[in-house]
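Participant: For reference, the structure I am asking about is given below.
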Amino acid sequence: MERSFMKIHLRQIPQGGSLHVEGVEDADFLELEEADAHACSPLEYELDVGLSGGGLFATGRLSVCVRLRCVACLDEFETTLSVDRFALQKELDGRESVDLTEEVREDIHLALPAHPRCDAEGKKTCPARFSQASGDASQSPGDAPWGVLDGLKTEKRQK
Ligand SMILES: [Zn+2]
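Counted from 1, the sequence shown has number 230 at position 149 by this note's numbering; the numbering is strictly sequential.
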C-alpha cells in the first residue's frame, strides 16, 4: 500500500497567502531502516504552504527522534533529527492536491549524520574516544616519530 504522508489540497491555500499546516505523523513512511536508523518518535512538522508562479512552495521545519548506532563504540543512542529550514518548490501538474511525502523523506535522510557519533551532542563521552585518537598515527609508523620530535622541539622552545 502506498503511504501518503501529507497531501495539500490546493483549494485550501488562500489566494496570495499561505496555508499553515502542522502536526505529527507516524514515522514509518520515512523508511529510516534503509539508513540503519530507527525512529523513536513520530515526525513533527510545521509548514507554510503557498502558491506562486504556477508552482507550490513550502517552508518550515521537521523533527523526529531517531536511534542511531555510533560508528566508534557501536552503541545505540538517541538523537533528535531536525530540519529547521525545510524548503521545497514543486511544479503543479494540474492535480488538485500535492503530495509532499517524497521531499520530506529525502530531507530527513539528508539530515542523518553519515558517521553518527554518540558524543556528537556533547551529552556523553563516547567510550571509544581514546582508542580512536591513538589509532590515528599508527597508519604510517614512519611519520609518527617525527611528530613526537616536533612536539619535543616546541616544548624546548617554549622553555
Ligand atoms: Zn560512541
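No residue lacks a Cβ here, since even glycine has one placed at the ideal position from N, Cα and C.
I'd like to confirm something about Asp-209: is its beta-carbon nearer than 7 angstroms to some heavy atom of ligand 1, or not?
Facilitator: Contrary to the premise, residue 209 reads as Ala rather than Asp in this sequence. For ligand 1, at least one heavy atom lies less than 7 angstroms from the Cβ of Ala-209.
Participant: For Leu-91 and Val-185, what's the separation of their Cα atoms in angstroms?
Facilitator: Each residue's Cα considered, the two are about 18 angstroms apart.
Participant: Would you check if there are 3 or more beta carbon pairs closer than 8 angstroms linking the segment 97-115 to the segment 153-160?
Facilitator: Cβ pair count under 8 angstroms is below three, so no.
Participant: Given a cut-off of 8 angstroms on the beta-carbon distance, is the pair Gly-203 and Leu-173 in contact?
Facilitator: Against a cut-off of 8 angstroms, the Cβ pair of Leu-173 and Gly-203 comes out as no contact.
Participant: List in chain order: all unbroken beta strand (DSSP E) runs of 3+ residues lying wholly within the segment 150-191.
Facilitator: Here the runs fully enclosed are 157-172 and 178-180.
Participant: Ordered along the chain, which non-local residues of its own chain (more than five positions away) have a Cβ less than 7 angstroms from that of Thr-161?
Facilitator: Counting only Cβ-Cβ distances below 7 angstroms, and skipping sequence neighbours, we find Ser-144 and Cys-146.
Participant: Got a sec? Which residues, its chain only, sit under 7 angstroms from Cys-199 by beta carbon, not counting five neighbours each side?
Facilitator: Around Cys-199: Cys-151, Cys-154, Asp-156, Phe-158, Lys-205 and Cys-207.
Participant: Do Leu-128 and Thr-140 have their C-beta atoms within less than 8 angstroms of each other?
Facilitator: For Leu-128 and Thr-140, yes; Cβs fall inside 8 angstroms.
Participant: Would the beta-carbon of Ala-116 fall within 8 angstroms of that of His-190?
Facilitator: Going by C-beta atoms, Ala-116 is nearer than 8 angstroms to His-190.
Participant: My understanding is that Met-87 touches Asp-180, with C-beta atoms under 8 angstroms, so please give their C-beta distance in whole angstroms.
Facilitator: Confirmed, about 7 angstroms.
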